[in-house]
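**Q** Sequential numbering of the sequence shown, starting at -1, is according to the working numbering.
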Amino acid sequence: MTLGEKLKQARKQTGLSQEQLAEKLGVSRSAVAKWETDAGIPDIDNLKILSQLLDVSIDYLVDDGEDLQAVTIKEAIDLSKFSGNKFEKKCKAVREKYPDGSIHSLVAKKVLTKGEKVFSELLGWLTPAPFGTAELYSEVQNADNQYFLVEQNDKQFLVLVTAEFITSRELTSKPHGKKFVIGDTKFVKTSYEVR
């Protein structure tokens, strides 16, 4: 499947028209049409945004061998059926989905771009805040998200649990060590194993 075919399929699965996607990207509808017919290729910045909007990895978009269904599965969940605090409920939801898996919680932090780092440092010098707005925004934005690394049947999955959804992405390569980066997010594997 070509990049254009993958873009078109992922766009349709998210329920967006070419016009709606173009508006979210700040490009023309004809640019999206060119990408989907392989008459043009989005630049790296647009690929990053497309990845987030369409809930697929950049690797998936540029790799010829992957199938969209194998990459990401997003399912609605009802956390109210589980007991405990928010974190415990999310752990139980992942355990229910992967009953035989080895499950570790992850700490996730957005990797700042060079521009975001400069702005963050500059803001730190100009205000009494001990951190920049980019880091604060990333923390606030991800406050309700919990990531897990699941190993089951010789496969590894990066699992994101929010208040409404559980999203599983099969990893094409096994993360090595406690720290690893996927896309624009740095993950740290904790010692907490979900039972």
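Virtual Cβ for every residue (Gly too), placed ideally from N, Cα, C. Treat the numbers as computed from the prediction; the structure is a model and nothing was measured.
Using alpha carbons as the reference points, say which of Ser103, Ala29 and Asp98 lies closest to Glu86.
**A** The candidate whose alpha carbon is nearest that of Glu86 is Ser103.
**Q** Across the region 12 to 23 and the region 68 to 80, are there enough close Cβ pairs to call them in contact, namely three or more that are closer than 8 Å?
**A** Not touching, per the Cβ criterion.
**Q** Ignoring anything shorter than 4 residues, give me the alpha helix (DSSP H) runs that lie fully in the region 37 to 109, in order along the chain.
**A** Fully enclosed alpha helix (DSSP H) runs of 4 or longer: 42 to 52, 56 to 60, 66 to 69 and 84 to 95.
**Q** Looking only at its chain, what residues have a beta carbon closer than 7 Å to the beta carbon of Lys187, apart from the 5 residues adjacent to it on each side?
**A** His102, Leu104, Leu147 and Lys176, listed in sequence order.
**Q** Give the DSSP-derived three-state secondary structure of Glu162 in the structure shown.
**A** Coil, per DSSP.
**Q** Looking only at its chain, what residues have a beta carbon closer than 8 Å to the beta carbon of Ile4, apart from the 5 residues adjacent to it on each side?
**A** According to the sequence displayed, residue 4 carries Lys and not Ile. Answer for Lys4: Val54, Tyr58, Leu59 and Leu66, listed in chain order.
**Q** In this structure, does DSSP put Arg193 in helix, strand or coil?
**A** Coil at Arg193, not helix or strand.
**Q** Express the C-alpha separation of Ala37 and Glu137 in angstroms, rounding to a whole number.
**A** For Glu137, the pLDDT reaches just 46, beneath the cut-off of 50, and the residue's location in the model is therefore unreliable, although a value from the coordinates is still provided. Distance between the alpha carbons of Glu137 and Ala37 is about 38 Å.
**Q** Do you know whose CA, among Lys153, Thr35, Pro40 and Lys10, lies nearest Gly24's CA?
**A** Among Lys153, Thr35, Pro40 and Lys10, the Cα nearest to that of Gly24 is on Pro40.
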